[in-house]
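Notes follow the structure.
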Amino acid sequence: MRKFLVVLDDSRECLNAMRFAAMRAAHTGAGVTILSVIPPDEFNHWIGVGEVMREEARERIHAHFEVFAKWMRDRQNVDPELVIREGEPVPEILDFIEGDPEIGVLVLGAGTGRKGPGPLVTQLTKNSGTLPVPITIVPGDLSKEKLEAIT
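Counting from 1, one number per residue, gives the positions in the sequence shown under full-length UniProt numbering.
What follows is the structure, encoded as structure tokens:
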């Protein structure tokens, strides 16, 4: 069985990437893994404060995951798994893909603002020729109807 890997972050475009991955998984009999990476710079405080912030970040990730997971289970009949890592996002994503041979596609959402598609899309597409899996980039402003039509 192959799995779609989606990165959960605080971006708006993440929503369309989640929808796309769940719909494709439902239509192809695949699974969905949701990866969230907590950057280390969030915890460069005193040890006690850093631990509290780390736990709050994990709670926030679990809360966001539960919203997406409920939708995936109820609407797409897909039961996603959550993986949380700490570190720099791009190396952690690449390391995770290398460590899980079931990952078949990395799904990213592209930003719609003037700043470009977003740091993950920018950094990962630079290395796309050497990645072990294809990347699907989902436009952040694609409508639900269009997503349903193309999945």
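In this text, a Cβ means the ideal position worked out from N, Cα and C, and glycines have one as well.
{"Query": "Only counting the same chain, and skipping five residues up and downstream in sequence, which positions put a Cβ closer than 8 angstroms to that of residue 147?", "Result": "16, 19, 20, 23, 138"}
{"Query": "Tell me the rounded alpha-carbon separation between residue 3 and residue 104.", "Result": "6 angstroms"}
{"Query": "In this structure, what does DSSP give as the bridge partners for residue 85?", "Result": "37"}
{"Query": "Rounded to the nearest angstrom, what separates residue 63 and residue 57 at their Cα positions?", "Result": "10 angstroms"}
{"Query": "Alpha carbon to alpha carbon, how far is residue 27 from residue 150?", "Result": "11 angstroms"}
{"Query": "If you drop the 5 nearest sequence neighbours on each side, which residues of the same chain put their C-beta closer than 6 angstroms to that of residue 90?", "Result": "123"}
{"Query": "With a threshold of 16 other CB atoms inside 10 Å of the CB of residue 130, please say whether the residue is buried or exposed.", "Result": "exposed"}
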